[in-house]
Each structure stands twice: as C-alpha cells, then as structure tokens.
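See structure below.
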Amino acid sequence: MQKWWLVAILAVAVSCGGGAEPTEETEPTPAPTPSAGTIERLDPAFDELVPTDAVIEHLADGFGFTEGPVWVDAEDGFLLFSDIPGNRIVKWEQDGTVSDFLAPVFEGEHEDGRLVGSNGITVDPLGNIVFTEHFNGRVSRIAADGTRSVVADTYGGGRFNSPNDLDYHSNGTLYFTDPPYGLPTPDDRAQDVNGVYRLAPDGEVTRLTDQEGPNGIAFAPDESRLYVADSSAGLWNTYDVEADGTLGEAELLLDASGVDEPGAPDGLKVDVQGNLWATGPGGVWVIAPDGRHLGTIKPTEVPANVAFGDDDRRTLYMTARTGLYRIRVSVAGDQ
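Pasting the structure below:
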C-alpha cells in the first residue's frame, strides 16, 4: 500500500471519531517474578515477618554443598559462604559476581568430595573474618590484610572434632559447636564428646555442653539465651547464659524429629524481635521465642544455613545444597 493512501485512511478514521475522548494510555503490567520455592504460613504472626507477596530468588548455583553464610559490611556489602566439598570460601557481590575469597581452605591431600573445607563463618568485633575448618578441626581467622591465623584448635590436649558453626558474644567471647560431621567417620573424632565450646578473649577454652549433634548456634538479641540446633536429635535447644559465660541446663525449644521432610535442624540466625530463622526439615523454619513454629520458607533446594544481609538487614540469604537463594522479609536480623 502506498504511504499517501495509508495517510488518507487514517485521516478519515480520525474525522469520523467526532468528539470521542482520547483513550488513556496505561503502562503494561509486568509479569510476576516466578518464585524459586514456596512459603508455608502456619500462624498469623508469620505475615508480620514475611510479606504475603514475598518471592524466593535463586542467585547462584553449581557449588558442591553451600553453608555458613555471613554478610560483610563494606562500601559495597557482600556475602561470604562456604562451599565445603569445593574447599573454598565464596564471595557473592550484589551485581551477581561470584569469586573465590579463600581457596583452598584445607591445603593437604584429600579424597574428592570429602567435606574438607570451611563451614560456619562470622565477623569478629574487630572486623576479621572468622571461620570453622571441618577437616582441620579448628577455628581460624583472616585479617583485613589477608593474614591467616589459628584462633583455636585444641582442648584438653587434643584437637577438636570438626568445628561447625559459631557466634560472638558482644564481650568478644566466641561460642562454637563441635560435632563430628566433617570427619570420615564419627569414630575418627579426637574428643570423646560432641559439644559447645567457649573461647574467652584471653584464649581460654571451656567445654560447655555434651550433646548428640550440636550444629547451628546463635544468641538471643539481649544475649540472655543461647540457641543450639541438634541435627542428630532433630531439635532446637535453648540455654540460659550465666554471668560467668557458662550455660544453664538445656531446655527444649522445638522438636522436629517427627517431621518427614528432607533436612534437619542446622544453621540458624535470630532477628531483632527474637525469632529464630532456623534451617530444618523442608526449609527455613521461623520459630517464635516461645517455640511456636510460625511458618517455613522452602527454596527449591533444602537449605543448610542462613544470614541476614543488605544495608537494612532485611534480606534473608539461604545456602541450600548446590545453590544460593534470598528472600526479602519485614524484620531485620540481629547484629
């Protein structure tokens, strides 16, 4: 069709429109972002913590087994997490860049697939990166200048079993769990029990508990209580923190041993309201301080640990098997 004929047709169409009002233009509605998982809401209180339109995002994959995430405050904040069989600490940046922060973690000979790398990672009061070493049986530190040193590696004359997760008290005391999960077999452990340890600022190490399979660990916001996941028993315990830094008797917070879903109580964090965000059967369990199970966040892979991140601490990052996930929430994580 010739252009002049097309123009004539358009002119007639406009003239026949009379005094009709022009059609209002509207922006197209974007398609909803598909969620990389599901969210199970069990209690009305959960809606105050996780928005009803919250979406689980899949950020990265291709790892061996991800664990121990921690958000690092910097000019451009970033996330660190462990790829345990990959024998490295991974750095994830907000533009999606993934790189090795430390590799290898274990420098000796080992069989492929062994859980030889780091596990839990945290930041000490001075800003150093502190992490547990599964196969080396110790807790180590990386200073700002890249210097690597041992924080603790023995108790009672023997090495630790396989330090797993850790959390600092505001007074600089480090609490960490020591199960046998990173060893070839449980019989290879050096300590006669699996426990929770306390490392004082002066370097003194104290064993605080003896339990079946201590794993994730975190303080309540006021530090009056310490929460410890027991993967082998399938439950979460809580302990009173005494004035001298020791712990009271274990009190059951919640038992998940009868839940028939993949996964077990593992890594956990606490928000500013005192709720636990604890990996467990099927996903991340959100647990009220009184032990009520409020709901579960279920990424497409079973998560092993979590960390609150971003400037407002309202993004929950989840390390789950071979991947890294996140979800925006309505409450900030405890610092």
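Letter by letter, the sequence shown follows residues 4 to 338 in the numbering used here. Cβ coordinates follow ideal geometry from the N, Cα and C atoms, glycine included. Bear in mind that the values here come from a model prediction, so they are computed numbers and not experimental data.
- The region 32 to 66 contains, as complete beta strand (DSSP E) runs of 3+ residues, the segments 40 to 44 and 60 to 63 (chain order).
- When the Cα atoms are used, residue 310 and residue 62 turn out to be separated by approximately 14 Å.
- Per DSSP, the beta bridge partners of residue 290 are 279 and 296.
- In the DSSP secondary-structure assignment, residue 109 is not bridged to any residue.
- Within a 10 Å sphere around the beta-carbon of residue 136 sit 16 or more other beta-carbons, which makes this residue buried.
- Only exposed fits residue 100, as fewer than 16 other CB atoms lie within 10 angstroms of its CB.
- Assignment of residue 217 by DSSP, reduced to helix, strand and coil, places it in the strand class.
- Of the residues 243, 308 and 253, the one whose Cα lies closest to the Cα of residue 83 is 308.
- Apart from the 5 residues on each side of it in sequence, residue 145 sits with its Cβ closer than 6 Å to the Cβ of 132 and 151 in its chain, given in chain order.
- Taking a 10 Å sphere around the C-beta of residue 207, we find fewer than 16 other C-beta atoms and assign the residue as exposed.
- Selection 118, 219, 314 and 250 evaluated against residue 273 yields 219 as nearest (Cα-Cα).
- Counting along the chain, the unbroken beta strand (DSSP E) around residue 143 starts and ends at 141 to 145.
- Under the DSSP definition of a beta bridge, residue 230 partners with 221 and 241.
- Contact check for residue 298 and residue 59: beta-carbon distance about 13 Å, past the 8 Å limit, so the pair fails to qualify.
- Distance from the CA atom of residue 238 to the CA atom of residue 277, rounded to whole angstroms, is 18 Å.
- Spatial neighbours of residue 104 in its own chain (CB-CB distance under 6 Å, excluding positions within 5 residues in sequence) are listed in chain order as 83, 92 and 94.
- Per DSSP, the beta bridge partners of residue 302 are 40.
- With a threshold of 16 other beta carbon atoms within 10 Å, residue 102 falls short and is exposed.
- According to DSSP, residue pairing for residue 271 in a beta bridge involves 281.
- Per DSSP, residue 324 is not a residue of any beta strand (DSSP E), being assigned neither H nor E.
- Taking all protein chains shown into account, residue 129 has fewer than 16 neighbouring C-beta atoms within 10 Å of its C-beta and is therefore exposed.
- Beta-bridge partners assigned by DSSP to residue 96: 81.
- Each residue's CA atom was taken as its position, placing residue 212 and residue 199 some 5 Å apart.
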